[in-house]
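Peer 1:
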Amino acid sequence: MWFPFLDVSDLSAALRAAFEDPDAAVRDASYRVRAELATAIFEVDRDGNPTAQAVTDAIKDATRAQLTFWADTGDLTGAGAQNGGGSILSVSLPGGGGTTSLTAKQDARVAPAVTEILRHADGIAWDVQY
């Protein structure tokens with residue numbers, strides 16, 4: 001599969017300017033989107049690239065959405081999603097995201113739009129197949 005999923009030239013000037021190293025940000029966002037595609041099913045050619053343009057477009061849109069999320073939140077590493085929270089005996093203190101759940105904190109690292117774009121893209125199936 002092609003990687004990273006975008007070129008810096010695919011970004012708007014404003015989105016490029018939001019990152020100190022736009023190339024690294026695109027690469028990191030592509031890794032995040034690739035992780036979301038781990039259980040996705042779609043047709044690929046012999047090089048591993050999607051055969052449907054709709055799938056290619058969705059992957060690019062999802063990568064751009066992740067970059068926009070990072071630009072808006074200023075949290076490229078996801079460290080902000082990990083802050084705070086914890087419990088001692090019967091007292092539980094939520095973190096910045098209002099949860100002590102590790103799963104919820106990890107999920108907060110992915111832009112909600114990424115999931116929305118990929119789950120509703122024509123040509124990508126998420127069914128369990130045996």
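Under the working numbering, think of the first position of the sequence shown as 1, with each following residue one higher. Yeah, the Cβ is synthetic: ideal placement off N, Cα and C, and Gly gets one too.
Which of the three DSSP states is assigned to P22 in this structure?
Peer 2: Three-state DSSP puts P22 in a helix.
Peer 1: As a quick exercise: from F69, D21, V91, M1, pick the residue whose alpha carbon is nearest that of E43.
Peer 2: Checked all of F69, D21, V91, M1; the closest Cα to E43 is M1.
Peer 1: May I ask you to report which of helix, strand or coil DSSP gives I88?
Peer 2: In this structure, I88 counts as strand in the three-state DSSP scheme.
Peer 1: Using the C-alpha atoms, what's the distance from L15 back to Q53?
Peer 2: Going from the Cα of Q53 to the Cα of L15 covers about 24 Å.
Peer 1: What does the alpha-carbon distance come out to for the pair G48 and F3?
Peer 2: Rounded to the nearest angstrom, the two C-alpha atoms are 10 Å apart.
Peer 1: Rounded to whole angstroms, what is the Cα-Cα separation between Q66 and R46?
Peer 2: The alpha-carbon atoms of Q66 and R46 are separated by roughly 28 Å.
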